[in-house]
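Presented below is the structure to which this report refers.
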Amino acid sequence: MDGRRRQSGFSRAYQLTDETPVYVISVAAQLSGLHPQTLRQYDRLGLVSPDRTAGRGRRYSARDIELLRTVQQLSQEEGINLAGIKRIIELENQVAALQSRVAELSAAVEGAAAAIQQREAAVHASYRRDLVPYQDVQQASALVVWRPKRATE
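Take 1 as the starting number for the sequence shown in UniProt numbering and just add one per residue.
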C-alpha cells in the first residue's frame, strides 16, 4: 500500500473536533495564558476536567482551552470566586442540556404532527365519491313548495 492510500484512510477514520483531547498540560497552559499549576488546581476543583491518558496524564481539548479562558476572565475581570464560577459552568451545562432536550421534543412533536396529517390525508382519500354532502334544511333560508303535476298538463 502506498503512502497516499494509507493517509487518506487514516484521515477518514479519525477526525479532530473541538472535543478531541490533544493538548498536554504545558501546551494547554500556553494556549490559555495560565500556569500549569493553575490548570491542575482547576482540575482538582472540578472547574475544567480534561481527559486522561492511560498513564493518567491530562489531555485538553480546544473546548477545554476555551473554558479555561472563560474561567480566567470571570475570575480576573468579573471578580467572581471559583465556587461561583463552578456554579455558573454547571448552570450553563444544564441550560445546554435542556435546550438539546427541547430540540429533541420539538422534532418529535413535528414528526407526530406530520404522521397525523398523513393519516388524515389517507382517510380523506378513502372517502366514497358517490356520496353527496348533506346540508340540513333547517339551516337554509329558502322555502321550497312542491306541487304535483296534473295529468292534464
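Even glycine gets a Cβ: it sits at the ideal position worked out from N, Cα and C.
Is it true that the CB of Pro21 sits closer than 9 Å to the CB of Arg56? Counting from 1 along the sequence shown, the entry for residue 56 is found at position 56. Counting from 1 along the sequence shown, the entry for residue 21 is found at position 21. In this structure, Arg56 sits away from Pro21, with a CB-CB distance that is not shorter than 9 Å.
Which same chain residues, not among the five before or five after Leu91, have their C-beta less than 8 Å away from its C-beta? As a working note, residue 91 is residue 91 in the sequence shown. Contacts found: none.
Grouping DSSP H, G and I as helix and E and B as strand, with all else coil, what is Asp51? As a position in the sequence shown, residue 51 is number 51, starting the count at 1. Asp51: strand per DSSP, three-state reduction.
Could you tell me if Ala114 is buried or exposed, where buried requires 16 or more neighbouring beta carbons within 10 angstroms of its beta carbon? Counting from 1 along the sequence shown, the entry for residue 114 is found at position 114. Under a 10 Å Cβ-count criterion, Ala114 is classified as exposed, with fewer than 16 other Cβ atoms of the shown protein chains found around its own Cβ.
The alpha helix (DSSP H) enclosing Lys86, as first and last residue numbers: Position 86 of the sequence shown, counted from the first residue, corresponds to residue 86. Leu82 to Ala125 is the extent of the alpha helix (DSSP H) around Lys86.
Is the CB-CB distance between Ala29 and Leu39 below 9 Å? Numbered from 1 along the sequence shown, position 29 holds the residue referred to as residue 29. Numbered from 1 along the sequence shown, position 39 holds the residue referred to as residue 39. At the C-beta level, Ala29 and Leu39 come within 9 Å of one another.
Where Pro50 falls, given that 16 or more other Cβ within 10 Å makes a residue buried: On the sequence shown, position 50 is the one that residue 50 refers to. Flag for Pro50 reads buried.
Since I believe Ser75 is in contact with Asp18 (beta carbons under 8 Å), could you give me their beta-carbon distance rounded to a whole number of angstroms? Indexing the sequence shown from 1 puts residue 18 at position 18. Indexing the sequence shown from 1 puts residue 75 at position 75. Contact between Asp18 and Ser75 does not hold, since the beta-carbon distance rounds to 23 Å and is not under 8 Å.
With 16 other CB atoms within 10 Å as the buried threshold, where does Leu143 fall? Residue numbering aside, residue 143 sits at position 143 when the sequence shown is read from its first letter. Exposed.
Would you kindly work out how many angstroms separate the C-alpha atoms of Arg147 and Ala122, rounded to a whole number? As a position in the sequence shown, residue 147 is number 147, starting the count at 1. As a position in the sequence shown, residue 122 is number 122, starting the count at 1. Straight through space, the alpha carbons of Ala122 and Arg147 are spaced by roughly 44 Å.
Where does Arg58 sit, in a helix, a strand or coil, going by DSSP? On the sequence shown, residue 58 is found 58 positions in, with the first residue counted as 1. The answer is strand: DSSP assigns Arg58 an E or B state.
Applying the criterion that 16 or more other CB atoms from any shown protein chain within 10 Å of the CB defines a buried residue, is Tyr14 buried or exposed? Position 14 of the sequence shown, counted from the start, is the residue given in the question as residue 14. By the neighbour-count definition (other C-beta atoms within 10 Å, threshold 16), Tyr14 is an exposed residue.
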